[in-house]
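K.L.:
Numbering (my numbering), first residue to last: 7 to 414.
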Ligand code: AMP
Ligand code: MG
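(1) Per the DSSP calculation, residue 363 is bridged to which residue(s)?
(2) Cα-Cα, which of 311, 326, 179, 405 is closest to residue 335?
(3) Extract the residue ranges of the alpha helix (DSSP H) inside the region 209-285, only unbroken runs of 4 or more that lie entirely within it.
(4) State the beta-bridge partners of residue 385 as determined by DSSP.
(5) Is residue 200 helix, strand or coil when you go by DSSP?
(6) How would you write the range of the beta strand (DSSP E) that residue 176 sits in, first residue to last?
(7) Roughly how many whole angstroms lie between the Cα atoms of residue 168 and residue 180?
(8) Comparing alpha-carbon positions, which option in 191, 275, 53 lies nearest residue 142?
(9) Output the distance between the C-alpha atoms of residue 234 and residue 324, rounded to the nearest integer angstrom.
(10) With the cut-off set at 9 Å, would you say residue 326 and residue 190 are in Cβ contact?
(11) Can you tell me which of the three DSSP states residue 151 falls into?
(12) Any heavy atom of the ligand MG closer than 8 Å to the Cβ of residue 192?
(13) Residue 301 lies in the alpha helix (DSSP H); which residues open and close that run?
(14) Assuming residue 178 and residue 39 form a contact by the criterion Cβ under 8 Å, report the distance between their Cβ atoms to the nearest whole angstrom.
(15) Could you round the C-beta distance between residue 310 and residue 250 to whole angstroms and report it? I think they count as a contact, below 8 Å.
(16) Is the CB-CB distance between residue 20 and residue 171 below 9 Å?
In structure tokens:
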């Protein structure tokens with residue numbers, strides 16, 4: 007059986023980023039850039055004032071002191087958005103707003119709070135270093151700098167940069183189209199009162215929510231009983247997507263039809279079953295360009311397997327370079343005494359106390375546990391067959407995008 011690491015490598019190896027297109031800036035959030043962004047010009051665009059104040063020549067204020075203030079003649083006012091029409095000579099100053107261009111001749115701006123108005127003149131009672139309060143052309147981003155790398159997901163900061171450089175259209179990768187099918191004859195829809203032996207279906211909603219976190223496009227979400235003809239029809243439609251996610255029926259039960267059916271429908275098995283907990287019977291395969299994930303129906307297994315295998319695959323298809331939330335080191339608040347003979351990603355609660363990250367594994371780690379999903383905000387990586395981990399041990403933890411609104 008494959009290890010966690012080998013299985014992840016196989017998934018990543020089989021995923022190629024989707025093609026490229028241009029998309030309007032205001033629709034680009036959540037997509038990955040398909041090209042490096044080079045600054046077409048320097049930023050700031052021109053030398054400008056960092057404060058509301060007075061543009062001066064610093065040399066004029068060399069001898070200024072509270073006892074001997076220097077008086078400079080005030081020439082007028084320049085506001086943000088104005089073009090410069092005056093030149094400053096020695097003995098002169100110009101009132102200036104934050105963001106207004108520095109007039110020729112001036113090299114420094116004195117803050118408004120540090121002057122006293124004196125009729126047609128302004129009194130300065132402090133010397134000032136040359137260049138103070140000036141934002142120079144190109145000091146933030148020099149022309150030609152590679153400011154955002156291809157493969158970066160576009161968020162608010164990237165939107166600001168792209169806007170300032172005039173990108174009305176942005177080079178991005180296509181988003182993968184995803185389908186989700188939950189299988190199981192025991193499943194009923196959310197508005198239905200379950201009868202004996204039935205449960206309300208929940209994986210569809212959970213998995214769709216995780217797909218939406220990655221901004222991917224959901225093209226089909228369905229629920230099908232364990233009846234081969236119905237499964238086949240639904241699977242065929244789902245296999246038109248870039249990624250088809252199937253939940254349930256992946257193990258070896260008498261009515262676990264999903265895996266043999268996928269094979270019959272031409273899905274090539276890349277692997278099935280991994281040395282991992284929760285979620286041993288993970289299936290990964292492909293048919294043509296469609297990647298296929300078969301997740302066990304147990305909700306916690308599905309959730310953790312999505313996090314560790316499906317999310318990185320979606321990100322790679324999207325063209326993203328960062329395929330997962332970076333793992334952090336945290337201190338165990340409680341010992342881990344039950345060590346498995348396969349890699350175990352335990353659900354836990356991560357918190358910060360006095361600048362230190364601490365994590366506590368949940369007591370209940372059942373792979374069917376829905377409760378554990380809302381009670382955990384992190385996965386603790388516990389190596390197969392490792393020694394017991396006493397309280398205080400350092401462990402690797404994957405933070406989850408899951409809020410627990412109370413003190414942990
Ligand atoms: P399976 O992988 O089909 O053998 O299902 C394993 C367990 O997960 C069973 O207890 C199922 O009832 C449960 N289960 C399967 N699919 C779902 C689902 N979509 N939503 C919630 N529970 C499920
Ligand atoms: Mg089932």
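Idealized CB from N, CA, C, for every residue including glycine.
P.N.:
If we stick to the structure as given:
(1) 358
(2) Closest option to residue 335, Cα to Cα, is 405.
(3) 209-219, 234-244, 264-270
(4) 353, 404
(5) coil
(6) In the DSSP assignment, residue 176 falls within the beta strand (DSSP E) that extends over 175-179.
(7) Approximately 18 Å between the Cα atoms of the pair.
(8) 53
(9) 33 Å
(10) no
(11) coil
(12) Checking every heavy atom of the ligand MG against the Cβ of residue 192, one is found closer than 8 Å.
(13) In the DSSP assignment, residue 301 falls outside any alpha helix (DSSP H) and lies within the beta strand (DSSP E) extending over 296-301.
(14) 6 Å
(15) No, residue 310 and residue 250 are not in contact; Cβ-Cβ is about 20 Å, not under 8 Å.
(16) no
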